[in-house]
Amino acid sequence: MNSLYLHIPFCKSRCIYCDFYSTTFGKDIMAAYAKALEREMRLRRQYIKCTRIHTIYIGGGTPSLLPLDVLKEIFAAIDCHFTLAPDAEVTIEANPDDVTPQWIEGLSDTPINRISMGAQTFDDQLLTFLGRRHNAVQTANAVKACQEAGITNISLDLIYGLPGQTMNTWQRDVETAISLDIKHLSAYALSYEEGTRLDTMLRKGLVSETDEELSLQMYDHLLSATEKAGFLHYEISNFALPGYHSRHNSCYWQGVPYLGLGAGAHSYDGQHTRRANLPDVRAYIDATEDVPHETEELSTEELYNEFIMTRLRTSGGIPLNELSPEDLQYCLSLAAPHLGQNLLCIRDEHLCLTKEGIFTSNDIISDLLKVES
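One gets our numbering by counting positions in the sequence shown from 1 and adding 1 to each.
See the structure below:
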């Protein structure tokens, strides 16, 4: 399986917590950016060895800001340089307030069949605090409008541990999301990333981090509510109804090759090389050949560590038969204390987190990693 990621680094405004690369350039630059994406496709189409694509993910930034004619131009370029599998999963990220009837109708001329919507919360005061452009009613209306148009594979993003967020608020968020008949839910604990406005507010004492015990209670409620609703907990932060897991994101967790296009996009050749395009829209557009980028050759220790980190995040766990004898012995010796405490288990020759282990997953994963020599 091969995957294609396109980074669309445009936003109307910056949310206070976001550290993804984006700019607030106007629409005039978007057409030039689309042409630059086509150039990079042409130059790098062989990066993943096979040009047959099984998943496409258009992320950002805010891809739903793209004018429909520019979006269609991007798909025309994809059609020129790649072959899309008949059952390909094609996702676009969207802000709820961008999801108009005209926008939804325009998607019918593209292969997009999945929408990932950034709800974050259904509390309007918190949405305003975060710098989001939409309100709770717009999210609900956007989901319904997509469903009525036949786009039923919808994922919502939620954030817990927000400043001022209570357990009751979080319970309403989860219940509201599930009530919208979505197929997929991603829920993330708020993180204070360096360089964001939220991190600056924290350092100035303007906000306080959520108590760890409350954050764990929120996560526990998330697990219970999604399980009751029939969602499968297939990755630490991701829940899906049967058959609706994110095939694209699963590629990242399974070490599948993927080609990342656009300013700030990352790629992986499926072996030992990672590449990161520099986060600079102007330099990306102005490049005459390959765009400015950096590459990284992963060491044996780094490959092992990535294997452990990505696989253990999933419900499938670490396939022990894919480890070398030496790595298997190393991994199991470090896993022994956690196995004894029922934080890890071995199921069908896979080392997996138990439900109890999920709550301390970061510490467990850290314990299994190698320290580079």
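Built from N, CA and C at the ideal position, the CB exists for glycine as well.
These figures come from a predicted structure and were not determined experimentally.
Within 10 Å of its beta-carbon, does residue i have 16 or more other beta-carbons around it, so buried, or fewer, so exposed?
{"i": "Q166", "result": "buried"}
{"i": "E236", "result": "buried"}
{"i": "P64", "result": "buried"}
{"i": "P102", "result": "exposed"}
{"i": "M168", "result": "exposed"}
{"i": "K50", "result": "exposed"}
{"i": "S325", "result": "exposed"}
{"i": "V138", "result": "exposed"}
{"i": "R204", "result": "exposed"}
{"i": "E94", "result": "buried"}
{"i": "N96", "result": "buried"}
{"i": "L207", "result": "exposed"}
{"i": "A336", "result": "buried"}
{"i": "S247", "result": "buried"}
Can you tell me whether DSSP reads residue i as helix, strand or coil?
{"i": "A33", "result": "helix"}
{"i": "N136", "result": "coil"}
{"i": "E298", "result": "strand"}
{"i": "A190", "result": "strand"}
{"i": "N380", "result": "The chain is shown only over 2 to 374; residue 380 falls outside these bounds and no answer can be derived."}
{"i": "F130", "result": "helix"}
{"i": "D364", "result": "helix"}
{"i": "Q121", "result": "strand"}
{"i": "N250", "result": "helix"}
{"i": "A336", "result": "helix"}
{"i": "V71", "result": "helix"}
{"i": "Y331", "result": "helix"}
{"i": "G60", "result": "strand"}
{"i": "T153", "result": "coil"}
{"i": "G261", "result": "strand"}
{"i": "V91", "result": "strand"}
{"i": "C346", "result": "strand"}
{"i": "S268", "result": "strand"}
{"i": "F240", "result": "strand"}
{"i": "N278", "result": "strand"}
{"i": "T211", "result": "coil"}
{"i": "H273", "result": "coil"}
{"i": "F11", "result": "strand"}
{"i": "C81", "result": "helix"}
{"i": "T227", "result": "helix"}
{"i": "I105", "result": "helix"}
{"i": "Y6", "result": "strand"}
{"i": "R198", "result": "helix"}
{"i": "P97", "result": "helix"}
Suppose contacts are defined by Cβ-Cβ distances below 9 Å. Is residue i in contact with residue j by that definition?
{"i": "V91", "j": "R53", "result": "no"}
{"i": "T153", "j": "C147", "result": "yes"}
{"i": "D174", "j": "A143", "result": "no"}
{"i": "I179", "j": "F123", "result": "no"}
{"i": "N3", "j": "H55", "result": "yes"}
{"i": "D221", "j": "F360", "result": "yes"}
{"i": "I59", "j": "I17", "result": "no"}
{"i": "S117", "j": "S187", "result": "yes"}
{"i": "I105", "j": "L66", "result": "no"}
{"i": "Y285", "j": "Y48", "result": "no"}
{"i": "D110", "j": "L69", "result": "yes"}
{"i": "G162", "j": "T211", "result": "yes"}
{"i": "A120", "j": "V71", "result": "no"}
{"i": "D20", "j": "E194", "result": "yes"}
{"i": "I75", "j": "V282", "result": "no"}
{"i": "S209", "j": "P164", "result": "yes"}
Only counting the same chain, and skipping five residues up and downstream in sequence, which positions put a Cβ closer than 6 Å to that of residue i?
{"i": "Y189", "result": "I160, S238"}
{"i": "L5", "result": "I54, I57, L260"}
{"i": "Y22", "result": "P10, G265, P280"}
{"i": "F240", "result": "L186, T227, F232, H234"}
{"i": "P62", "result": "Note on residue identity: the sequence assigns Gly, not Pro, to residue 62. Excluding positions up to five away in sequence, the list reads I9, P10, F11, C12, S23."}
{"i": "M219", "result": "Y161, W171"}
Can you give me the Cβ contacts of residue i inside the same chain, cut-off strictly under 8 Å, excluding the 5 residues immediately before and after it?
{"i": "P320", "result": "R312, E350, H351"}
{"i": "S362", "result": "I237, L313, R314, L354"}
{"i": "V292", "result": "A37, E41, A264, N278, L279, A284, Y285"}
{"i": "N322", "result": "E350"}
{"i": "H267", "result": "Y6, G261, R275, R276, A277, N278"}
Considering only residues of the same chain and omitting the five flanking positions on each side of residue i, which have a CB-CB separation below 7 Å?
{"i": "A78", "result": "L38, E39, M42"}
{"i": "Y245", "result": "N154, K184, H185"}
{"i": "E357", "result": "N343, L344"}
{"i": "I366", "result": "I309, M310, L313"}
{"i": "N306", "result": "L370, K371"}
{"i": "R1", "result": "Outside the displayed range of the chain (2 to 374) lies residue 1, so it cannot be described from this structure."}
{"i": "G196", "result": "D20"}
{"i": "A86", "result": "R53, I54, H55"}
Using a Cβ-based criterion (distance less than 8 Å to any ligand heavy atom), does residue i qualify as near the ligand ADP?
{"i": "T167", "result": "In terms of ligand content, the structure shown is empty, and the ligand ADP therefore cannot be addressed."}
Does residue i get closer than 9 Å to chain D when you measure Cβ to Cβ?
{"i": "S238", "result": "Absent from the structure is chain D; it holds one protein chain and no more."}
If you pair each beta-carbon of the segment 20–35 with each one of the segment 217–235, do three or more pairs fall below 8 Å? With contact defined as three or more Cβ pairs closer than 8 Å, the segment 20–35 and the segment 217–235 are not in contact.
Quick one: any contact between the segment 252–261 and the segment 10–19, if contact means 3 or more CB pairs under 8 Å? The segment 252–261 is not in contact with the segment 10–19.
Does the contact criterion of 3 or more C-beta pairs under 8 Å hold for the segment 295–311 versus the segment 267–275? Taking 8 Å as the limit for Cβ pairs, the verdict is that the segment 267–275 does touch the segment 295–311.
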